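Notes follow the structure.
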Amino acid sequence: MLRVQQDGRSRSAILRSIARCIHLMDTEKPTCSPEHIELVASCLDDHNRDTKIQALNTLRAFVTRSLFTDKIRDYYPKILDMVTCSRDMGVHLAALQLLNALPVPPNIEPLLRRTVPNLLGFLQLDNHNIQLQVLRLLVTLSRMEELLPDILNCQVRPEILSLLNNSQPEKLLSELLLLLEVLHEGCSQPRRPSKSPKSDSCSLYEVLFGENSDLADRLMVMFVHPDLTVQVQACKLVMKLQLHRLDGEVAAALSRHRAGSAALNHILPSVKSAS
């Protein structure tokens with residue numbers, strides 16, 4: 001049983017055993033209660049990193065039982081805070097995995113808005129596991145209409161596109177391409193966020209879909225990726241980008257044509273009356 005007096009190693013071992021027991025638990029007659037979840041969640045504040053990580057993993061095990069999901073979702077802000085405030089990669093990974101296992105609770109958009117810049121920053125880390133979990137979380141958040149503008153307006157370095165290269169793991173590229181597709185679909189009515197005052201930084205929208213973006217060129221490199229799924233995803237996205245750009249050019253041409261016709265209609269009566 002978990003006790004405050006136990007050392008970090010003992011608590012960590014007990015939490016690991018609890019997680020294993022949860023997976024073996026009868027789904028129809030669970031032997032755990034909300035109080036047990038509260039006890040496990042109290043270990044999130046433990047000073048020992050292994051205890052924190054095992055507490056996160058144990059809560060993720062509880063999420064596999066739908067009966068406990070709502071209770072664990074109450075800790076969503078706390079878990080999100082652990083992602084942004086901790087300096088430990090292991091804590092980052094365990095917290096992100098738990099967030100991806102949970103549905104996003106209501107009325108948490110303000111906190112998520114403040115977290116998005118940190119999440120995009122994690123994509124620059126040289127850690128494929130963390131990058132993958134961040135991408136999965138960003139896909140979920142990008143599908144939330146109220147958060148999409150904040151994500152697109154977030155200031156990033158153009159180097160973020162360096163993730164699109166064939167040396168990346170297939171799972172990572174596939175998730176990244178999915179995120180790009182979701183963001184592009186959300187931009188069916190294009191937004192033009194203003195650039196940052198810093199010359200080496202601009203909005204995510206400009207980096208991905210702006211006039212000077214080299215996203216399409218980087219996507220075409222994916223056409224020779226060994227994995228067929230990545231090839232297909234990249235090809236579909238390039239086609240969508242080209243069609244979207246073509247639609248914009250057609251709309252601009254029609255607008256110029258209407259403006260010219262309106263001007264001509266305004267001039268013709270004057271010419272006729274003068275003659």
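The sequence shown maps to residues 1 to 275 in UniProt numbering. For each residue, glycine too, the CB sits at the ideal point set by N, CA and C. Note that this is a predicted model, so its numbers are computed, not measured.
Can you tell which of the options has the C-alpha that lies nearest to the C-alpha of residue i?
i           : options               : result
residue 210 : 102, 228 and 242      : 242
residue 78  : 64, 164 and 43        : 43
residue 102 : 64, 52, 83 and 82     : 64
residue 89  : 122, 173, 184 and 141 : 122
residue 219 : 212, 203, 237 and 204 : 237
residue 208 : 181, 229 and 61       : 181
residue 216 : 164, 170 and 203      : 164
residue 170 : 34, 124 and 233       : 233
residue 146 : 213, 128, 81 and 112  : 112
residue 71  : 38, 134, 161 and 132  : 38
residue 13  : 25, 48 and 34         : 48
residue 245 : 227, 226 and 187      : 187
residue 132 : 11, 168, 58 and 159   : 168
residue 50  : 91, 185 and 202       : 91
residue 62  : 159, 35, 212 and 227  : 35
residue 144 : 19, 202 and 185       : 185
residue 87  : 58, 110, 227 and 118  : 118
residue 206 : 228, 58, 227 and 154  : 154
How is the alpha helix (DSSP H) around residue i delimited, first residue to last?
i           : result
residue 218 : 215 to 221
residue 49  : 49 to 63
residue 209 : 204 to 209
residue 177 : 170 to 186
residue 67  : Segment: none, residue 67 is in no alpha helix (DSSP H) and carries neither H nor E.
residue 35  : 34 to 41
Are residue i and residue j close, meaning C-beta to C-beta below 9 Å?
i           : j           : result
residue 116 : residue 93  : no
residue 148 : residue 172 : no
residue 73  : residue 105 : yes
residue 204 : residue 141 : no
residue 56  : residue 80  : no
residue 175 : residue 125 : no
residue 32  : residue 68  : yes
residue 40  : residue 24  : no
residue 128 : residue 166 : no
residue 46  : residue 11  : yes
So residue i packs on residue j, CB below 8 Å; how close in whole Å?
i           : j           : result
residue 130 : residue 96  : 7 Å
residue 53  : residue 76  : No, residue 53 and residue 76 are not in contact; Cβ-Cβ is about 18 Å, not under 8 Å.
residue 222 : residue 230 : 6 Å
residue 120 : residue 83  : So it is not a contact: roughly 13 Å between Cβ atoms.
residue 214 : residue 161 : 7 Å
Kindly provide the ranges of any alpha helix (DSSP H) runs that are 4 or more residues long and lie completely inside the stretch 70 to 147, ordered along the chain.
DSSP assignment within the stretch 70 to 147 yields the following whole alpha helix (DSSP H) runs of 4 residues or more, N-terminal first: 76 to 85, 89 to 101, 109 to 122 and 128 to 142.
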